[in-house]
Amino acid sequence: MREPLSKKIVEIEPSGIRKFFDMVSEMPDAISLGVGEPDFDTPWRIREEGIYSLERGRTFYTSNAGLKELKEEISKYLQRKMQVSYDPASEIIVTVGGSEGIDIALRAMLDPGDEVLIPQPCYVSYLPCTTLANGVPVVVSLKQENEFKLTAEELEAAITPKTKILVLPYPNNPTGAIMTKEDLEPIAEVVKKHDLYVLSDEIYSELTYKYDHVSIASLPGMRERTLVINGFSKGFAMTGWRLGYICAQKRIAEQMLKIHQFAIMCAPTNSQYAAIEGLRNCEDEVQEMRTAYNQRRRFLLHEFKKMNLDCFEPFGAFYVFPCIKEFGMTSEEFATRLLDEEKVAAVPGTAFGACGEGFLRVSYAYSLDDLREAIARLGRFVERLRSQG
């Protein structure tokens, strides 16, 4: 038989996150700190609206780009929260999670050989989606001493005549890093200087703890150059509802919509009705979840300090990224031994890029009780390693 598989897909590595999730699911008494899954139930108002939409028989297709009412609420939300405006009729597409937005943006914009700058450590989808869209991923390695923020100097050094898109993944998964307005302004100047576009993944925009989130699209001259990806999975605890959106200037949105039409048709209808309710009436619930995450964030940082485990303070998402270089083993070895010996699952930093070596992603999207027990086990493990060293 002839080879049935594409060389391109065979060469793409599977997600390093899922490996540890699958291992812990088969281990009794294990505690997983590995998956970015909010432990909160979707707010009741949202669930109730989803149920109501089904009871009313709203099981039809919506328009390809999404319900008019939802796109209008998204437009109002972006204006209210980020001071950036997109036309709901022609510049907003409702997608199946934020991940679809990444895919259709890259497929709509890249010709073979176009380069995409991807700051790492970062979410696992950008690099394979670039490859599948016939683009060339170019990794920009971020540094702990810069709090894993992208600097203008690092960006400038990575640009070539083939560079077309910069992925801007902030608030960041896995590091928890954020970019303030002061951080973004020099990045925007480099982008404009070299006539680039920005794919700004802002899925964690609701989860910042010291500074309000700032979208690079809100800076002068950046709206037309920026594609904003966001959604409901993280801030609204709606992971399984599979609903996101992407905003872009009309010319780009028209082409992304064609891909969305042929591949997806439309996002789930009852999820869209539920999301309308979330945007209109669930600010208090979102704030309660943000407050709880911040409490957990501060708890973990306090415990890491007590055990002398090096970790910069993150101000976004629900992850911390402690450094484990002192133990003289790879991130994979450390995470595997932690799971085997103490039954705690965390994700090796290398799952998010080679420059994640020497780090561990720990999610605090879990109850304080689970976090206390997991940290106690981690403390025992670290103490044992130090006594052996």
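Numbering (the numbering used here), first residue to last: 1333 to 1721. All residues carry an ideal CB built from backbone N, CA and C; glycine is no exception.
query                                                                                                         : result
Validate contact between the stretch 1465-1473 and the stretch 1414-1424 using beta carbons, cut 8 Å, 3 pairs : no
Helix, strand or coil at E1447 [DSSP, three-state]                                                            : strand
Where the beta strand (DSSP E) through I1519 begins and ends                                                  : No beta strand (DSSP E) contains I1519, which is instead part of the alpha helix (DSSP H) from K1513 to K1525.
Euclidean distance between Cα positions of F1564 and T1571                                                    : 7 Å
Backbone CA spacing between I1578 and S1532 [nearest angstrom]                                                : 10 Å
Own chain, CB closer than 6 Å to K1542, minus 5 neighbours either side, in chain order                        : F1647
Distance between T1427 and Y1384 (C-alpha atoms, nearest Å)                                                   : 22 Å
Whole-number beta carbon distance between G1685 and P1370, since they are thought to touch under 8 Å          : The Cβ separation is near 24 Å, so there is no contact.
Residue ranges of each alpha helix (DSSP H) within the stretch 1583-1625, 4 or longer                         : 1601-1613
Per-residue burial, F1594 [other beta carbons within 10 Å of its own, 16 or more giving buried]               : exposed
Boundaries of the beta strand (DSSP E) in which K1496 is found, first to last residue                         : T1495 to L1500
Rounded distance between the beta-carbons of I1436 and H1592, thought under 8 Å                               : 6 Å
6 Å Cβ shell around L1717 - same chain, five flanking residues per side excluded                              : F1659
Residue closest to Q1581, alpha-carbon to alpha-carbon, out of R1612, D1373, Y1529 and L1482                  : Y1529
The stretch 1353-1366 / the stretch 1688-1698 touching (three or more Cβ pairs under 8 Å)                     : yes
Distance between A1708 and A1440 (C-alpha atoms, nearest Å)                                                   : 48 Å
Integer-rounded CB distance, given that V1676 should sit under 8 Å from L1632                                 : Actually they are not in contact, since the Cβ atoms of L1632 and V1676 sit about 13 Å apart, beyond 8 Å.
Status (buried if at least 16 other CB within 10 Å, exposed otherwise) for K1566                              : buried
C-alpha gap between R1712 and E1673, whole angstroms                                                          : 10 Å
7 Å CB neighbourhood of L1516 in its chain, flanking five on each side removed                                : V1546, I1548 and L1551
Rounded C-alpha distance that separates Y1455 from G1688                                                      : 12 Å
N-terminal and C-terminal residue of the alpha helix (DSSP H) that V1714 is part of                           : L1700 to Q1720
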